[in-house]
Amino acid sequence: MLCFYVYNSLLQDEYRVRFHYGHPDIFDRLFHITRGGISKASKTINLSEDIFSGFNSTMREGNVTHHEYMQVGKGRDVGMNQISSFEAKVANGNGEQTLSRDIYRLGRRFDFYRMLSFYFTTVGFYFSSMVYGLSWLVMLSVLVVLKMVSIGRQKFGTDLQLMFRILKGLLFLGFVSVMAVLFVVCNLTISDVFASILGFMPTGWCILLIGQACSPLVKKAMLWDSIMELGRSYENLMGLVLFLPIGLLSWFPFVSEFQTRLLFNQAFSRGLQISRILAGQKDIGEE
């Protein structure tokens, strides 16, 4: 409780990113009337009137500080219905804050550090929770696909390669269909795809490390094949990232000569011709 008090009541004064300290019991009405007013005309749009007063004061170069003139006892919500209704009110207020002009103007005027604090003290919690929940859905679908591939490899194996390739083709068509729907319906862009890949790469690597550390439990849960498939995917991806630029650069004549000299340096240092090495040694009778 002491840490909570020190951080929220004392340090936030120096950060200057807090717009209110809970629902105010005492409000300086005369001060805020000259700076945009205490509340707005619409109780639906401006549901959280206290934070909109903080927005108005901050945009007019004011600061919201904490001053404890008196302590008032206040009851806590202990019932699920009361807690649910309060959380719904706070969530609706944050949803309306997202659409407001105040958020846009403050985000454009703040410096980088105050902008980050401003994001996480207003609507950032709900955006981060949404991204966190959707990321677990993506990871779950990836693990399901890897499990299907591993089961298909075990069942079909080398005897039924055609069926295994058909299974992979169906999974690929399903992936393409989902991506097409996302591009058309959700207005997904190529930059979003690359940003998602960069965002999920550390997560997948963390899952690999956890799977290696807890391998006995993972094997009992019959998920070891999925972990192996995920590891193979990372290996293929790293190979693609490393060798694709080398393959593209090898098409240029000056780069190919440099690569040949670099790769076969020992052969050149011995005075051997690279063409003789690649063609193989001729028979004595042919000479």
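Just so you know, we're using our numbering here: the sequence shown kicks off at 1288 and counts up by one. Glycine included, every Cβ here is placed at the ideal spot set by N, Cα and C.
Give the secondary structure of residue i by DSSP, where H, G and I count as helix, E and B as strand, and everything else as coil.
i, result
"THR1345", "helix"
"CYS1501", "coil"
"THR1476", "coil"
"TRP1538", "coil"
"ALA1508", "coil"
"GLN1358", "coil"
"ASN1350", "coil"
"ASP1389", "helix"
"VAL1410", "coil"
"VAL1436", "helix"
"GLY1366", "coil"
"ARG1316", "helix"
With C-beta atoms as the reference, is residue i less than 8 Å away from residue j?
i, j, result
"ALA1378", "TYR1356", "no"
"LEU1427", "LEU1517", "no"
"THR1409", "GLN1369", "no"
"PHE1342", "LEU1393", "yes"
"GLY1576", "LEU1454", "The first residue shown for the chain is 1288 and the last is 1574, placing residue 1576 beyond what the model contains."
"LEU1460", "MET1435", "no"
In whole angstroms, what is the alpha-carbon distance linking residue i and residue j?
i, j, result
"ALA1500", "LYS1442", "28 Å"
"GLY1456", "TYR1419", "30 Å"
"LEU1403", "LYS1376", "24 Å"
"SER1502", "MET1515", "11 Å"
"MET1288", "GLN1358", "With a pLDDT of 48 at MET1288, under the threshold of 50, the predicted position of this residue should be treated as unreliable, though the coordinate-derived value follows. So the alpha carbons of these two residues sit roughly 16 Å apart."
"PHE1397", "SER1387", "16 Å"
"PRO1429", "SER1478", "The sequence shown places Val at residue 1429, rather than the Pro named in the question. Between VAL1429 and SER1478, the C-alpha separation is close to 20 Å."
"MET1525", "PHE1399", "33 Å"
"LEU1536", "LEU1529", "12 Å"
"SER1416", "VAL1425", "14 Å"
"PRO1532", "PRO1540", "15 Å"
"GLY1349", "ILE1320", "13 Å"
"TRP1511", "LEU1504", "9 Å"
"VAL1422", "ARG1401", "Reading off the sequence shown, one finds Ser at residue 1422, where the question assumed Val. Their backbone Cα atoms lie some 27 Å apart in a straight line."
"ARG1316", "GLY1366", "33 Å"
"ILE1494", "SER1371", "34 Å"
"PHE1451", "LYS1507", "25 Å"
"LEU1469", "THR1476", "9 Å"
"GLY1534", "ASN1523", "15 Å"
Please confirm if the stretch 1455 to 1466 is in contact with the stretch 1482 to 1498, defined as three or more CB-CB distances below 8 Å between the two stretches. Taking a cut-off of 8 Å for Cβ pairs, the stretch 1455 to 1466 and the stretch 1482 to 1498 do not touch, as fewer than three such pairs fall below it.
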